[in-house]
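First the structure, in the form of structure tokens, and then the observations on it.
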């Protein structure tokens, strides 16, 4: 419904996150359960609703349900007084995904269409279309991966307008929109991108792509997952930021500082500081769960997408052969020289010639030929394969420089090399 006593909005920015706190119901939208001054001029048997599994911020997003091809739903915001042409914009987030289902022509037109209009109806005049971005990211503007992306559109006229959101389903997939904002067009634009190079205890900003070309920025650094506040920002006086912890995950926030009264929105970049180079006196690994090694059974796989959750920090793994392998490094309780577990190279499900390296953190070797690596290997007889195969199935341990060095002593990576019937 349209409320006769609704006053147009004149204060900006205005925003909605499609939350219950904004007045939205968790039931499918109807003319009777919308926030005040919103309207629903067109709804199908599968109308708009809130959705909690996919959201950019808060608890919910606006959900266009997957339904019969050609179905259209329309929801309309309160009125806005836009005092100047091309000085105000809409900004919102879309969840983009890829699909090969259905016809290409249908995939290209499914999603949310955003209009401005003098009445609370979807305008027939397509000149009032502010923005359409297909839900499918394979169409312009093309994106690289599934996820949430922000889009803006400038309102080209002055006047009193409604923002009209039309959802068109082509029975390809559900569509999701979140965090709609109506605001003045920023005069200080945020940087387009920032690139960084982290070290162990610092991060160097290599480049800031800035459409303002102001050369003045504010920054904040937080642990990944922590909220950032205005009080966290400080002037960026050096392109190298010190005082960080090694082996840690951070988020760098950067904004343009056009003037003390005009600062842009921020952009962010996650990064991981490099691993610490450990002392040779601390280099001792028993391959126990108490040391950070993770296993739930004999077949726990270290060659997995969750590799970093299965091993202590700063260990890495590299497949060094073209042969395939399913089970690789794992902890075993069958044989242990001490403690409960040992490191096992499980080649039973790997093809002939599969080679996998497990690499330790870097260790500082202060002098050449003064240190050695010692380890225990459980050796067994095996007649399942030909003698030429099981004689060549092995584990070896070797050291490799972590960086090119001219001296005899260096920081080294200790690699455990596992091979399934590798020919010598």
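In the working numbering, the protein residues as written are 28 to 451.
C-beta: ideal position from N, C-alpha, C; glycine also.
- By the Cβ test, the segment 236–243 is not in contact with the segment 161–179, since fewer than three Cβ pairs between them sit closer than 8 Å.
- In the DSSP secondary-structure assignment, residue 158 is bridged to 141.
- Contact between the segment 208–219 and the segment 31–44 is present, with at least three C-beta pairs closer than 8 Å.
- In the structure shown, the three-state DSSP call for residue 338 is coil.
- Residue 77 and residue 392 have their C-alpha atoms roughly 59 Å apart.
- Going by C-alpha positions, residue 237 is about 42 Å away from residue 98.
- Considering only 295, 307 and 279, the residue with the shortest C-alpha distance to residue 401 is 307.
- For the pair of segments examined, the segment 247–263 was found to touch the segment 273–286: the number of CB pairs separated by less than 8 Å reaches three.
- A residue is called buried when at least 16 other Cβ atoms come within 10 angstroms of its Cβ; residue 90 meets this threshold and is buried.
- For residue 114, the number of other beta carbons within 10 angstroms of its own is below 16, and it is reported as exposed.
- Counting along the chain, the unbroken alpha helix (DSSP H) around residue 132 starts and ends at 131–134.
- For residue 34, the three-state secondary structure derived from DSSP is coil.
- Put simply, the segment 53–64 does not touch the segment 218–234. Fewer than three CB pairs are less than 8 Å apart.
- Residue state for residue 233 is assigned as strand, using DSSP reduced to three classes.
- Spatial neighbours of residue 86 in its own chain (CB-CB distance under 8 Å, excluding positions within 5 residues in sequence) are listed in chain order as 46, 47 and 79.
- DSSP, reduced to helix, strand and coil, places residue 177 within a strand of the structure shown.
- Judged by DSSP secondary structure, residue 247 falls within the beta strand (DSSP E) whose first and last residues are 244–250.
- Contact between the segment 166–174 and the segment 142–158 is not established, with fewer than three Cβ pairs separated by less than 8 Å.
- Residues 213, 217 and 282 of the same chain have their beta carbon placed closer than 8 Å to that of residue 292, with the five preceding and five following residues left out of the count.
- Residue environment: residue 203 is assigned as buried (16 or more neighbouring CB atoms within 10 Å of its CB, all protein chains considered).
- Within its own chain, the residues whose Cβ lies closer than 6 Å to the Cβ of residue 36, once the five positions on either side in sequence are excluded, are 105 and 107, listed in chain order.
- If you look at residue 225, you'll find it in the beta strand (DSSP E) that goes 220–225.
- Using a Cβ distance threshold of 8 Å, residue 138 and residue 67 do not count as a contacting pair.
- According to the DSSP secondary-structure assignment, residue 284 is paired through a beta bridge with 290.
- Between the alpha carbons of residue 254 and residue 268 lies a distance of about 19 Å.
- In the structure shown, the three-state DSSP call for residue 48 is helix.
- A direct Cα-to-Cα measurement between residue 312 and residue 385 gives close to 13 Å.
- In the three-state scheme derived from DSSP, where H, G and I count as helix and E and B as strand, residue 165 is classed as coil.
- Secondary structure at residue 257: helix, using DSSP grouped into helix, strand and coil.
- Bounds of any beta strand (DSSP E) do not take in residue 57, whose DSSP letter is neither H nor E.
- Considering only 337, 356 and 215, the residue with the shortest C-alpha distance to residue 289 is 215.
- Within the same chain, Cβ atoms closer than 6 Å to the Cβ of residue 156 are found at 142, the five residues on either side in sequence being excluded.
- DSSP places residue 104 in the strand class (E or B) of the three-state scheme.
- A Cβ-Cβ distance of about 6 Å is found for the pair residue 342 and residue 387, placing them in contact under the 8 Å criterion.
- DSSP places residue 123 in the uninterrupted beta strand (DSSP E) bounded by 115–123.
- The DSSP-derived three-state label of residue 43 is strand.
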